[in-house]
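Engineer: Residue numbers (numbering that gives the first Met the number 0): 0 to 466.
Here you go, one structure.
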Amino acid sequence: MLYFILPLLFSLISFTAKRKNIDYIILVSNSVLNAIFTVYIVFIANINLKYFAVDAISKPFLLILSIVFFSSSLYSIYFLKKREIDERWHSIYTLCFILFDSLMMLSLMSVHIGLYWVLLEATTILTAPLIYFNKTKHSLEAAWKYVFICSIGIAIGFIGIIFLSITFRHSESLFFADFYGYSDPVSSLFLKIAFLFIIVGFGTKAGLAPLHFWLPDAHSEAPSPVSAMLSATLLNTAMIGIIRVLKAMYIFKEQYFANTMLLLMGFMSLFVSAVFILRIKNYKRILAYSSIENMGIIAVALASGGAGILAGIIHTVSHSLLKASLFLTSGNILDRYETKHYDETGPVMKDMKMTGIVFGLSVFGILAIPPSLSFLSEFKIMSVFISGKNYFLMVLFMLLLTVVFYGFIKMLLTMMFGEKDFSAVKKEYILQILPQMLLLIFAFGLGLFMPSAVKQILLDAANWIGG
Numbered sequence: 000m001l002y003f004i005l006p007l008l009f010s011l012i013s014f015t016a017k018r019k020n021i022d023y024i025i026l027v028s029n030s031v032l033n034a035i036f037t038v039y040i041v042f043i044a045n046i047n048l049k050y051f052a053v054d055a056i057s058k059p060f061l062l063i064l065s066i067v068f069f070s071s072s073l074y075s076i077y078f079l080k081k082r083e084i085d086e087r088w089h090s091i092y093t094l095c096f097i098l099f100d101s102l103m104m105l106s107l108m109s110v111h112i113g114l115y116w117v118l119l120e121a122t123t124i125l126t127a128p129l130i131y132f133n134k135t136k137h138s139l140e141a142a143w144k145y146v147f148i149c150s151i152g153i154a155i156g157f158i159g160i161i162f163l164s165i166t167f168r169h170s171e172s173l174f175f176a177d178f179y180g181y182s183d184p185v186s187s188l189f190l191k192i193a194f195l196f197i198i199v200g201f202g203t204k205a206g207l208a209p210l211h212f213w214l215p216d217a218h219s220e221a222p223s224p225v226s227a228m229l230s231a232t233l234l235n236t237a238m239i240g241i242i243r244v245l246k247a248m249y250i251f252k253e254q255y256f257a258n259t260m261l262l263l264m265g266f267m268s269l270f271v272s273a274v275f276i277l278r279i280k281n282y283k284r285i286l287a288y289s290s291i292e293n294m295g296i297i298a299v300a301l302a303s304g305g306a307g308i309l310a311g312i313i314h315t316v317s318h319s320l321l322k323a324s325l326f327l328t329s330g331n332i333l334d335r336y337e338t339k340h341y342d343e344t345g346p347v348m349k350d351m352k353m354t355g356i357v358f359g360l361s362v363f364g365i366l367a368i369p370p371s372l373s374f375l376s377e378f379k380i381m382s383v384f385i386s387g388k389n390y391f392l393m394v395l396f397m398l399l400l401t402v403v404f405y406g407f408i409k410m411l412l413t414m415m416f417g418e419k420d421f422s423a424v425k426k427e428y429i430l431q432i433l434p435q436m437l438l439l440i441f442a443f444g445l446g447l448f449m450p451s452a453v454k455q456i457l458l459d460a461a462n463w464i465g466g
């Protein structure tokens, strides 16, 4: 547990020193140590403490968190240097950013549902200042909406935990392992009620409709590296809570109810995102609704069972890498044009060529164009629909994805080749591009060739759930 003391130490140094150069060193050092530690606990020596463990389901989520946090930390240096920020808020950003990552790591490793609930709520407190960081009227509104709605969701999730404790009333504790190994008869009704509250409660923070309302505002108003972390890691951290309870539903033969709920919320999320992506012009909000869409895809995949569960795990990896790249690159575009409306930007390919290339590749990836990893996951989902003769769901799934595809291509073409003419070509810095390039190498590289060790981690995670 020595590693988890380091972020606290770094935070204390940042807050007391209030020196910008020290903050930059802390951001890089902490993210590098985080990556090394994650590789160690995932591939070499698993942690198995009383309240925290590295199990099959947490491994892919921990790797995602490490990669995205490293990339976002590098980009944060560019973001902070670009702006005139006083030392106090500079330190607040650094402190909240690294502790946010640490809390998510602990949440992913938590094997006690009560502790997981506390840690998930703590992320709400630490991310609110990050969302408000730009200190505008809209960012303040987004931060309050985020805190209010997510707190309601967490409260609903707590009711689910109460029903779980009633369901497993003879269990000695609230450890997930005690739920899975429970040998006494359980009430089917109470277990279903518990899952209903869990999926709605934790699903609120995972960005699933119908309680997704905080997400578009928070993601669009937060600084770009914070948006990347919110979309690519926080949503996953909330989703893993649902997945851990889903395993109990499989063990006690209630997966039909659980999968029905996942399917309903998944398609609802797809529908909401498709409608709004067509209507809005704010490119950061479009990326936010795309996050809702992709969490819906993951929910649909998990609900499909069998190979669909593996597709859901793969899609989680793909979405996290690509969406982080998109949000980071959107920061370059926002800095250049000082507007979030895509029809007031461009031509990006002329003004910022590398930014245009990276943004275009990220869009192609998120739209599941080969060799993106998303193509593999969505192809698997379609295959599951076909093998199960769920043709209506297949057509509905394809229709909603087609609407999203059209909305994204319309946005991309307008931004890349728009008619607005900015006389000076914008100089691009290495920290504006390098983090996204790292993310794209993983997203497309894994689509072309997946190392056996990574493939085994994904398979183990799917099999752990019930796939």
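C-beta: ideal position from N, C-alpha, C; glycine also.
Using alpha carbons as the reference points, say which of Ile241, Thr126, Met104, Val185 lies closest to Val199.
Structural biologist: Locating residue 199 in the sequence shown gives position 200, counting from the first residue. The shortest Cα separation from Val199 among Ile241, Thr126, Met104, Val185 belongs to Ile241.
Engineer: If you draw a straight line from the C-alpha of Lys540 to the C-alpha of Ser230, how long is it?
Structural biologist: Lying outside 0 to 466, the shown extent of the chain, residue 540 is not represented and no answer is given.
Engineer: If I measure Cβ to Cβ from Phe416 and keep anything under 6 angstroms in the same chain, skipping five residues before and after, which residues do I get?
Structural biologist: Sequence index remark: in the sequence shown, residue 416 carries index 417 (1-based). Answer for Phe416: Pro346, listed in chain order.
Engineer: Among all the DSSP beta bridges, which residues are the ones paired with His340?
Structural biologist: Within the sequence shown, the letter at position 341 stands for residue 340. Note: His340 sits in a beta bridge opposite Asn281.
Engineer: Please name the residue, chosen from Val185, Ala298, Glu253, Ala127, that lies closest to Ala217 on a Cα-to-Cα basis.
Structural biologist: One-based indexing of the sequence shown puts residue 217 at position 218. For the residues Val185, Ala298, Glu253, Ala127, the minimum Cα distance to Ala217 belongs to Ala127.
Engineer: Give me, in chain order, the residues of the same chain whose beta-carbon lies closer than 8 angstroms to that of Val53; leave out the 5 immediate sequence neighbours on both sides.
Structural biologist: Locating residue 53 in the sequence shown gives position 54, counting from the first residue. Answer for Val53: Ile40, Val41, Asn45, Ile46, Asn47, Leu61, Met108, listed in chain order.
Engineer: Using the Cα positions of Ile279 and Leu400, report the straight-line distance between them to the nearest angstrom.
Structural biologist: Sequence index remark: in the sequence shown, residue 279 carries index 280 (1-based). Sequence index remark: in the sequence shown, residue 400 carries index 401 (1-based). Cα to Cα, the separation comes out at about 17 angstroms.
Engineer: With DSSP as the reference, identify every bridge partner of Asn47, one or two as the case may be.
Structural biologist: Looking up residue 47 in the sequence shown gives position 48. DSSP, once it has assigned bridges, lists Ala52 as partnering Asn47.
Engineer: Hey, which unbroken runs of the alpha helix (DSSP H) at 4 residues or more fall wholly within the segment 269-330?
Structural biologist: List check, alpha helix (DSSP H) in window: 282-303.
Engineer: Start and end of the alpha helix (DSSP H) containing Asp183?
Structural biologist: Along the sequence shown, read from residue 1 onward, the residue named residue 183 stands at position 184. Run containing Asp183: none; DSSP gives neither H nor E here.
Engineer: Restricting to Cα atoms, I'd like to know which of Ser57, Ile12, Ser319 is closest to Ile464.
Structural biologist: Stepping through the sequence shown from its first residue, residue 464 is reached at position 465. Ranking Ser57, Ile12, Ser319 by Cα distance to Ile464 puts Ser57 first.
Engineer: Taking Met294 as the reference, give the member of Val271, Tyr282, Lys379, Lys283 with the closest Cα.
Structural biologist: The residue you call residue 294 lines up with position 295 of the sequence shown. For the residues Val271, Tyr282, Lys379, Lys283, the minimum Cα distance to Met294 belongs to Val271.
Engineer: Under the rule that 16 or more other beta-carbon atoms within 10 Å means buried, what is Gly355, buried or exposed?
Structural biologist: Translated into the one-based positions of the sequence shown, residue 355 becomes position 356. With 16 or more Cβ atoms within 10 Å of its Cβ, Gly355 is classed as buried.
Engineer: Go ahead and pull the three-state DSSP assignment for Phe416.
Structural biologist: Counted from its first residue, the sequence shown places residue 416 at position 417. DSSP places Phe416 in helix when its eight states are reduced to three.
Engineer: Tell me the rounded alpha-carbon separation between Ser70 and Leu437.
Structural biologist: The sequence position of residue 70 within the sequence shown is 71, counting from 1. The sequence position of residue 437 within the sequence shown is 438, counting from 1. C-alpha separation (whole angstroms): 7 angstroms.
Engineer: Look up Ser109 in the DSSP assignment and say whether it is helix, strand or coil.
Structural biologist: Reading the sequence shown from its first residue, position 110 is the one you call residue 109. Three-state DSSP puts Ser109 in a strand.
Engineer: Considering only the beta carbon of each residue, do Thr427 and Met381 sit closer than 8 angstroms?
Structural biologist: Locating residue 427 in the sequence shown gives position 428, where the first residue counts as 1. Locating residue 381 in the sequence shown gives position 382, where the first residue counts as 1. The amino acid at residue 427 is misidentified as Thr; the sequence shows Glu. Not in contact: Glu427 and Met381 (Cβ atoms no closer than 8 angstroms).
Engineer: Quick one: what's got a C-beta closer than 8 angstroms to Ile308's C-beta in the same chain, skipping five residues either side?
Structural biologist: By 1-based counting over the sequence shown, the position of residue 308 is 309. Excluding residues within five positions, the ones whose Cβ falls inside 8 angstroms are Ala300, Leu301, Ala461, Ile464, Gly465, Gly466.
Engineer: Find the nearest neighbour of Glu549 within the set Leu411, Ile432, His314, Leu412, judged by alpha-carbon distance.
Structural biologist: Only positions 0 to 466 of the chain appear in the structure, and residue 549 is not among them; the question remains open.
Engineer: For Ala478, which option in Phe326, Lys388, Asp177 has the closest C-alpha, if you only look at C-alpha atoms?
Structural biologist: Residue 478 cannot be examined here, being either before or after the span of the chain that is shown, 0 to 466.
Engineer: Helix, strand or coil: how does DSSP classify Phe174 here?
Structural biologist: Start at 1 with the first residue of the sequence shown, and residue 174 comes out as number 175. Residue state, collapsed to three classes: strand.
Engineer: Out of curiosity, what's the CA-to-CA distance linking Lys49 and Lys283?
Structural biologist: Within the sequence shown, numbered from 1, the residue matching residue 49 stands at position 50. Within the sequence shown, numbered from 1, the residue matching residue 283 stands at position 284. Their Cα atoms are separated by approximately 41 angstroms.
Engineer: Looking at C-alpha atoms only, which residue of Tyr77, Pro59, Phe194, Asn33 is the closest neighbour of Gln435?
Structural biologist: Position 436 of the sequence shown, counted from the start, is the residue given in the question as residue 435. The shortest C-alpha separation from Gln435 is found at Tyr77.
Engineer: Go ahead and label His318 buried or exposed: buried means 16 or more other beta carbons lie within 10 angstroms of its beta carbon, across all protein chains shown.
Structural biologist: Taking the first residue of the sequence shown as position 1, residue 318 is located at position 319. His318 comes out buried.
Engineer: Taking a contact to mean a Cβ-Cβ separation below 8 angstroms, would you say Glu220 touches His137 in this structure?
Structural biologist: Position 221 of the sequence shown, counting from 1, holds the residue named residue 220. Position 138 of the sequence shown, counting from 1, holds the residue named residue 137. Yes. Within cutoff.
Engineer: Leaving out the 5 sequence neighbours to the left and right, which residues in its chain are closer than 6 angstroms to Leu163 when beta-carbon positions are compared?
Structural biologist: Taking the sequence shown and counting its residues from 1, one reaches residue 163 at position 164. Here the set comprises Ala193.
Engineer: Between the segment 437-450 and the segment 86-105, do at least 3 Cβ pairs fall closer than 8 angstroms?
Structural biologist: Too few Cβ pairs lie closer than 8 angstroms, so no.
Engineer: In angstroms with no decimal places, state the Cα-to-Cα distance between Ile12 and Tyr23.
Structural biologist: Mapped onto the sequence shown, residue 12 falls at position 13. Mapped onto the sequence shown, residue 23 falls at position 24. Approximately 12 angstroms between the Cα atoms of the pair.
Engineer: Could you pull the start and end residues of the alpha helix (DSSP H) that Met238 belongs to?
Structural biologist: Here residue 238 is taken as the residue at index 239 of the sequence shown, counted from 1. Its alpha helix (DSSP H) spans residues 234-250.
Engineer: Can you tell me where the alpha helix (DSSP H) holding Phe60 begins and where it ends?
Structural biologist: Within the sequence shown, the letter at position 61 stands for residue 60. Taken as a continuous stretch (DSSP letters only), the alpha helix (DSSP H) holding Phe60 covers 57-81.
Engineer: Please report the straight-line C-alpha distance between Ser28 and Leu98, rounded to a whole angstrom.
Structural biologist: Mapped onto the sequence shown, residue 28 falls at position 29. Mapped onto the sequence shown, residue 98 falls at position 99. Distance between the alpha carbons of Ser28 and Leu98: 14 angstroms.
Engineer: Look at Leu129 and Phe167 and say whether their C-beta atoms are less than 8 angstroms apart.
Structural biologist: For the purposes of this step, residue 129 is taken as residue 130 along the sequence shown, with counting starting at 1. For the purposes of this step, residue 167 is taken as residue 168 along the sequence shown, with counting starting at 1. No.
Engineer: Helix, strand or coil for His211? Go by DSSP, reduced to three states.
Structural biologist: In the sequence shown, counting from the first residue as 1, residue 211 sits at position 212. Of the three classes helix, strand and coil, the one that applies to His211 here is coil, per DSSP.
Engineer: Could you tell me which whole beta strand (DSSP E) segments of length 3 or greater appear in the segment 346-373?
Structural biologist: Entirely contained in the segment 346-373, not one beta strand (DSSP E) run reaches 3 residues.
Engineer: Consult DSSP for Phe448 and reduce its assignment to one of helix, strand or coil.
Structural biologist: Sequence index remark: in the sequence shown, residue 448 carries index 449 (1-based). It is coil, neither helix nor strand.
Engineer: Where does the unbroken alpha helix (DSSP H) through His137 begin, and where does it stop?
Structural biologist: The residue labelled residue 137 in the question sits at position 138 within the sequence shown. Note, His137: alpha helix (DSSP H), 136-166.
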